[in-house]
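Protein chains in written order, with our numbering: chain A, 12 to 302; chain B, 17 to 297.
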Amino acid sequence: MEHRETILPRRTVLLGAAGALGSAGLASLTGLGKALGECVNTVNQTEGPFWVDERLNRRDIRSDPATSEVKPGLPLRLSINVSEITGGSCAPLAGAHVDIWHCDAAGGYSDVSGAGNPNTVGQRWLRGYQVTDAHGNVRFLTIYPGWYMGRTVHIHFRIRRFSGEAVTFNLTSQLYFDDSMSNEIYASTPPYSSRLNRSPSSNVQDNIFNPTLLTRMAWNGDHVLAAYDAVVDSEVASADPRVTPTDEDSLEHRLDFGGGSPRIASLPAPPRAPAPSPDRLRFQNQKEALG
Amino acid sequence: MNAFSFRTVETLLGAALLLLSPALPAADLFDNLDRSAAGAEVLSGEGRLAAAFSGGSTGDTLQSVTLVLARTSAGGSAAVEIRSDEGLEPGALVATLTPPGSYSSSPQPTTFGADAVPLEAGATYWVNLRAVEGTFEWTWTADNTGSGGGFSTLWDSSDDGGAGWYTHDLYPLQLRVTVGGGSDEPRFLRGDCDASGAIDLTDAVFLLLFNFAGGPRPTCLAACDSDGDGQATGAVTDAVYLLMYAFLGGSPPVQPFPGCGPGTDPGDEALGCEVSQPGCA
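Encoded structure:
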């Protein structure tokens, strides 16, 4: 790697709660490393209205496979580590499929229509999955996500295990980014800088945001590095691959409007909810604990 | 006094003198080599691996880094650099380390020597590994603990020659970072002319080949001055001295011996020692 002579903005966020295990590594920089036994499940969150199971196995998700057209934006190198709780401690999980999907710099998702999103059906940019290696890692090259009215900056992710074509485990959640860094990027970097009045303007104003899902990140001028350490407990979830709150009646789903224009109309009444499963109750308890 | 007891006394005297030398003992700023290996990252071509550590106290100088490496190809060599931190990724080049003379085909601690690289207290540095030729494996551990004030679980990977990095902070690569505690002088073992980490017949042969047959120049000529007379070139005396010691019960090399250390003889500076020997961490 060559030394860059150009002076570029450079900021690092090391204090974000980069997952239950992430803080271990950061603390260890000062010699305060903690043991793996403290690993805690990653919080489930809604998949939102724009999940599409594209089955696109690729690291660089910036382009539409049909046209090879690359979405403009600040390059983001995102690493996700997946650990599994086994016998009360954590170990790297190999062979898990990790999908990510997010909006472009203008706030739109690909391959969907409606719910505030422009019609992008047939396009498949900013979507893809990787399979965790023996170290539990996947790596994506994408762009820093844009924003849309009603949600803070986020990237959706889904961790699945398969037995053949059958999903044997599923965890769906979202990653978040440091507010001040997002604000600076949006203010100074095209094409983000052409859009004004981000709302909500901070993570805490977002109804879905959870601080345990903040990435550890650095903005090094012409690119961003971000990482998150996820922890799954497949024993808990293996009974039902849809244990995460992806159901359309979930509060998170109704609050995740999707990309594009503001959506301030009243929300439709949710369909009658089935009797909550123990896992759903667990998620609700987590929400309540977060206030 | 027979030859054995004389040598024993001299050895003890050498060790005592080493302890009294002004250089502080080496210390490990980062060490997780004793953790159980859980896997290995494979490295070849444009692949790069880097592990972060933070500088220790003011005045520390880097003496060596030891990686648990295996060379899985028939041949090849590896290179290690120290780089500054650019925000969760390696930045500017700080130093290029001296590679070992050989590599094991199975995972073994493999030391790269540093020429007393000064480290800024509290700053983050990166140990960057690349395969110059061939394929290497750097082991990692599922244990996120380690010793030393500069220990970190942060590590990076690149598959495009370091143009773009991905950052990780779990299950660190296995590494030891040794600092010299303020000494800025290269450390060596007197008599270890070929920097193999041991004193044997090959050291004498290496010196003779350099002096009389156009062999490679020792990176630490002071180490070849076994008798400490300030001379190591143009004569056979040091080679003979080593052979006498090794096989005929002759006197041992002068300090630094039997442990590594900086040169203290008047002639050492003139002879020169470009970098600390890899085995002198």
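Here a beta-carbon is modelled for each residue, glycine too, at the ideal position from N, C-alpha and C.
Computed from a prediction, not measured in an experiment: that's the story for all the values here.
Using C-beta distances below 6 Å, list every residue in its chain close to Thr-218/B, excluding the 5 sequence neighbours before and after it, in chain order. Asp-210
Residue-chain proximity (Tyr-119/B, chain A), Cβ-Cβ < 8 Å: no
CB-CB under 7 Å to Tyr-4/A, same chain, minus the five flanking residues each way: which ones, in chain order? Only positions 12 to 302 of chain A appear in the structure, and residue 4/A is not among them; the question remains open.
Return the chain-ordered list of same chain residues with a C-beta closer than 6 Å to the C-beta of Thr-155/B, the five sequence neighbours on each side being excluded. Ala-53, Ala-56, Val-84, Pro-123, Gln-190
Would you kindly check if the distance between the Cβ of Cys-276/B and the Cβ of Ala-238/B is under 8 Å? no
8 Å Cβ cutoff met for Phe-204/B and Pro-272/B: yes
Within chain B, the residues that Gly-84/A reaches when beta carbons sit closer than 7 Å: Going along chain B, no residue has its Cβ under 7 Å from Gly-84/A, so there is no contact; the nearest lies around 15 Å.
Are the beta-carbon atoms of Thr-169/B and Ala-42/B separated by less than 8 Å? no
At the 8 Å Cβ level, is Thr-163/A part of the contact set with chain B, yes or no? no
DSSP has Thr-183/A in a bridge; who is on the other side? Arg-169/A
Does Thr-112/B get closer than 8 Å to chain A when you measure Cβ to Cβ? no
Under 7 Å by beta carbon: chain A residues contacting Asp-131/B: None at all; the shortest Cβ gap to chain A is about 20 Å.
Below 8 Å on C-beta distance, what does Glu-57/B contact in chain A? His-146
Please confirm if Leu-186/B has its CB atom under 8 Å from at least one CB of chain A. yes
Thinking just about the alpha-carbon of each residue, which of Gly-117/B, Ala-108/B, Thr-74/B is nearest to the one in Thr-235/B? Gly-117/B
Ordered along the chain, which non-local residues of its own chain (more than five positions away) have a Cβ less than 6 Å from that of Ala-66/B? Pro-106, Trp-142, Asn-144, Asp-172
Beta-carbon neighbours of Cys-71/B, restricted to chain A and to distances below 8 Å: Going by the sequence as given, residue 71/B is Gly instead of Cys. Ordered by position in chain A, no residue passes the 8 Å Cβ test against Gly-71/B, which lies about 11 Å from the chain.
Using 8 Å as the threshold, is the stretch 251-265 of chain B in touch with the stretch 84-98 of chain B, meaning 3 or more CB pairs across them? no
Cβ of Leu-236/A less than 8 Å from any chain B Cβ? yes
Taking only beta-carbon atoms, is Leu-32/A less than 8 Å away from chain B? Any reading at Leu-32/A needs caution, since the residue's pLDDT is 40, under 50, leaving its predicted position unreliable; the model's value is listed next. Yes - at least one Cβ of chain B is within 8 Å of the one on Leu-32/A.
What would DSSP say about Glu-97/B, mapped onto helix, strand or coil? strand
Mind pulling the chain B residues with CB within less than 9 Å of Asn-52/A? What Asn-52/A touches in chain B: nothing, since even the nearest Cβ is about 16 Å away.
List the residues of chain B that Pro-222/A touches, going by C-beta distances under 8 Å, in chain order. In chain order: nothing, as chain B lies at least about 17 Å away.
As assigned by DSSP and simplified to three states, the class of Asn-214/A: helix
DSSP state of Tyr-239/A, grouped into three classes? strand
In angstroms with no decimal places, state the Cα-to-Cα distance between Gly-244/B and Asp-47/B. 35 Å
Closest by CA to Arg-206/A, which one among Trp-230/A, Tyr-159/A, Val-142/A, Asn-231/A? Tyr-159/A
Neighbour flag for Ser-245/A against chain B, beta carbons, 8 Å: no
Taking 8 Å as the threshold (beta carbon to beta carbon), is Leu-292/A in contact with chain B? Note that Leu-292/A has pLDDT 31, beneath the 50 cutoff, so the model's placement of it is unreliable and the number below is only indicative. No, Leu-292/A does not count as interfacial toward chain B.
Looking at the C-beta of Leu-237/B, does it have a partner C-beta in chain A at a distance below 8 Å? no
Residues in the stretch 78-106 of chain B having any Cβ partner in chain A nearer than 8 Å: Arg-99, Glu-102, Gly-103, Leu-104, Glu-105, Pro-106
Under a CB-based cut-off of 8 Å, is Thr-155/B close to chain A? no
Of all Cβ atoms in chain A, is any one closer than 8 Å to the Cβ of Tyr-182/B? yes
Quick one: grab the DSSP three-state call for Thr-253/B. helix
Under 9 Å from the C-beta of Thr-131/A: neighbouring residues of chain B: Per Cβ cutoff of 9 Å: no residues; Thr-131/A is ~27 Å from chain B at best.
Which of the three DSSP states, helix, strand or coil, is assigned to Val-123/A? coil
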